[in-house]
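Read through the structure below, which is laid out as C-alpha cells, and then see the notes.
Chains as they are written, first to last, in the numbering used here: chain A, 1 to 364; chain B, 1 to 364.
Right, dumping it as C-alpha cells:
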C-alpha cells in the first residue's frame, strides 16, 4: 500500500549539459553563451549556472533583469553576464556593485541614462532592431550616434522573429539588416544575432556569439524536424484516489464533463497551482507506466488548482500511489504545449517556479 | 528623464484584510477559515498568514500540501492548519513533527495509512464526495466505516462544483447530499461545505465553517453580480522604448501582427516569464495613466518571455519610464482572465510566484 501526495519535478542536468555541448559544437566557432533568464526558464539558475560554468566552461550568460544577474554572479565569478532589459534607475545600484553585469542597451534614452550615471561596467552591448520590432535601436537612432559613442559598445546584438521556421522570409531579411548595420556601425566588434533557433539556420546566422536557451533546456527550436536535443523535464504526480463513475455523472468544476458510459477515474495530485495549464481541461493527457508499458489517459473535466481527474478506464492495473506522468521524453513539454495551445517555454517557466514540487535534479 | 526596467507587483493587504472581514461578517455565525494553499494563491503566505492571524484573528487555515503547512505553522502558532491533499508516505515526517497540521482524508486507503502510522494529529477531517467527483469518500466507502472509525474525525467537509453559478442545479444537489450524509454519519461534528463562492449562496451553504480563498484575494466568486470585494492585485511595468511603426511592418515572434497603417508602439518590460498569459497575444490590454486619465492600449504581436509590445498610437503623452498597468481596480485579474480565456485564479497563481517583480505589500 503506497500513499503519496506530492508532485515531483525532475530536471535532468546531464541532458541539459549534453544539449549545451551539442549546441556549442554545432555553433562552433561561434562563442556559446547561456541564456538563464527567468530563473533558467524556471529550471533553477542556482543549479544550472554552476553546471554550465564548471562543467561546460561557459563564460557568457544572458539574463533579462539585473536582479537575476545579481542572484547568480557569485556562481560564475569569471563570467560576463549580459542584462537584456538593460539598465535603469531601478537597477543602477546593482550594476554599480557588480562589475560582471554588462547592460544591453536598446534605446538612446537608456544610453544617455547609462552615460549620465558614469557608464557602469564601462562598456555595453548594443541591441539593434532588424525586424522583430521589439527592443533595439532603429537605424534612425544609430545615425545619431557619433564615433565616440560607438566606442562604448563591446558587442552588437539582435534577435530573430521567426528562427523556428527555417524558410521564413524574415530570417534572411533580418540577417541582411544585421550584417548591413554591423558593417556600417560596428565592423570592429563581435556580433550576436541568434538564440537557439538561429543556430540551426546555418553558419551565417551564428555570427560571433550564439545565445543558447530553449534548446539547451530540451525544447525543439527547429520543429521542422525531429528534436536533436535530449529531454530535460519530467513531471509526475501520484494518484490519490481511484473511483468508479456512473453513466450521467459530472466531473469537476462547472460540470464540463459528463460520463456517457461507466468509467473509472483517478484523482491525481497536481493542478494549475503547479503550473499545469488550465487549458488542458478535457483535452490533456497523462501516462501511466504499467508493467513496463505506457498507458495514455485523458484528463477529464476542468484542471483545478491542486488536482486533475483522469479517465483510467482503459488503464488496467493503475493503483493509488502510482505516478501519472504529465511530461517526459515520450510526451515532452513541446507535446503538452501543443495540446494546451501554447509553447513549451511558457509551461516550463510556470512549472519551474512552483515550490510544492519535490524537485529532483539528476546529475552524474 | 526616467528609465526603469523592472515590473512591479503590488499586493494590497488592507484590501485583503477588509475582504476577509466582510466575508466573515456575511458568513457569520459560521467559523471563518482562510485558504492559503498555493502560497496564498501566489500572493505570499508569509505575508498573508500573519496578517490574518494577528489582525483578523483567524485561527483556521487550509493548505493543499503538508509542505505548505510546514512553511507557515510558526506564523500562526495557535491555529489549526488543515491539509487538503491529506497525508502520505511523502508527508508523514512533516505531520509527525508539526502537531498543528490536521490531514484531510479523502479515501479509505489514505485513512488506513494514517491509522497504520499512529494517527498523526490524533484526529482528521474527512472529505466526502457530493457531486464534484474529485477527492472524497463516496457513500459506498462511508458504509464500510464502523462507529469507532467515525470517532476519528473532527470535521466533515465537501466542495461545490458550481458555487459561482447561483442557480445551478448542482448546488442544491450537493447541499442535499452533504446534509444527508452528515446526518447519517457525522451528526455530532462540524461540517464545512463552502469555499468563497458558496458563502453567497445562502446560510444553508455556510454550515459550521466556510473556507475563504478566492474572494478574500479579490476575485469575484459571485460573477452573477458586481464584485463586493476590493481589488488586491496591481501589476504594472515600465515602458522601455517607444518607436514609430511603418505600414506593412511586422511585430513580434512569428509575425502575427502587421501594421495596416502607421502606428506608434511601446515596448513594455513584462512578459509570460512574469506570469502574463501568452494567450493575451494580439488580444490583451494595458492602460496608461496620462494626466489623470486612463488610456487603453492593445497588446500587439506575441507576448514574449520578458516583453510585450503595445499600440500607443492613441495614447498621447506616453513616455519611456511610464508604467503600463496590466491589472488594477479598473481592469482586474478577472477582466484579464476573461480576455485570456481562463480564470483569474490561474493568473494570480502564476504572477505571484515570479521573483523578478519588485514586490510591494501595501498595508496600514
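Here a beta-carbon is modelled for each residue, glycine too, at the ideal position from N, C-alpha and C.
The three-state secondary structure of residue 323 of chain B, taken from DSSP, is strand. If you draw a straight line from the Cα of residue 56 of chain A to the Cα of residue 346 of chain B, it comes to about 37 Å. Per DSSP, residue 225 of chain B is not a residue of any alpha helix (DSSP H), being assigned neither H nor E. Approximately 13 Å separates the beta-carbon atoms of residue 116 of chain B and residue 103 of chain B; this is outside 8 Å, ruling out the contact. Counting only runs of at least 4 residues, the segment 281-355 of chain B fully encloses the following alpha helix (DSSP H) elements, listed from N- to C-terminal order: 333-340, 344-351. Below the 7 Å Cβ cutoff, chain B contributes 134, 135 as neighbours of residue 307 of chain A, in chain order.
Taking the CA atoms as reference points, residue 91 of chain B sits about 44 Å from residue 224 of chain A. Across the structure, residue 172 of chain A and residue 64 of chain A are spaced so that their CA atoms are roughly 26 Å apart.
Shown in chain order are the members of the segment 343-354 of chain B whose Cβ falls below 9 Å from a Cβ of chain A: 343, 345, 346, 349, 350, 353, 354. Secondary structure at residue 191 of chain A: strand, using DSSP grouped into helix, strand and coil. Residue 162 of chain A sits in coil when the DSSP states are folded into three classes, being neither helix nor strand.
CA-to-CA, the gap between residue 272 of chain B and residue 149 of chain B works out to about 48 Å. Contact with chain A is absent for residue 237 of chain B, since none of that chain's Cβ atoms lies less than 8 Å from the residue's Cβ. Contact annotation: residue 16 of chain A and residue 331 of chain A have beta-carbon atoms that are not nearer than 8 Å.
Taking 8 Å as the upper bound for CB-CB distance, residue 239 of chain A and residue 295 of chain A are not in contact here, some 12 Å apart. Assignment of residue 14 of chain B by DSSP, reduced to helix, strand and coil, places it in the helix class. Residues of chain B with a Cβ closer than 9 Å to the Cβ of residue 107 of chain A are, in chain order, 3, 240, 241, 242, 243, 267, 320. Residue 173 of chain B: member of the alpha helix (DSSP H) spanning 169-185, first to last residue. Secondary structure at residue 357 of chain A: coil, using DSSP grouped into helix, strand and coil.
DSSP, reduced to helix, strand and coil, places residue 255 of chain B within a helical segment of the structure shown. The shortest C-alpha to C-alpha distance from residue 129 of chain A to any of A:93, A:174, A:304, A:23 is the one to A:174.
The C-beta of residue 251 of chain A comes closer than 8 Å to at least one C-beta of chain B.
Minimum Cα-Cα distance from residue 241 of chain B among the listed residues A:340, A:147, A:138 corresponds to A:138.
Rounded to the nearest whole angstrom, the C-alpha separation of residue 114 of chain B and residue 292 of chain B is 59 Å. For residue 154 of chain B, no Cβ of chain A is located within less than 8 Å of the residue's own Cβ. Cβ atoms of residue 303 of chain B and residue 278 of chain B come within 8 Å of each other, at about 5 Å.
Shown here for residue 161 of chain B: same chain residues with a beta carbon closer than 6 Å to its own, the five before and five after excluded, namely 131, 132, 170 in chain order. In terms of beta-carbon proximity, residue 37 of chain A lines the interface with chain B, with at least one pair separated by less than 8 Å. Within the DSSP secondary-structure output, residue 234 of chain B pairs in a beta bridge with B:10. Listed along chain B, no residue sits closer than 8 Å to residue 211 of chain A by beta-carbon distance, the nearest being about 13 Å off. Inclusion of residue 186 of chain A and residue 222 of chain A in the CB contact set at 8 Å is not warranted, their separation being larger than that value. Under the three-state reduction of DSSP, residue 199 of chain B is assigned to helix. Within chain A, the C-beta atoms nearer than 7 Å to that of residue 65 of chain B come from 5, 6, 356, in chain order. A distance of 8 Å or more separates the beta carbons of residue 237 of chain B and residue 267 of chain B. Looking at the DSSP output, residue 140 of chain A bridges to nothing. Annotation: the continuous beta strand (DSSP E) that includes residue 35 of chain B extends over 31-35.
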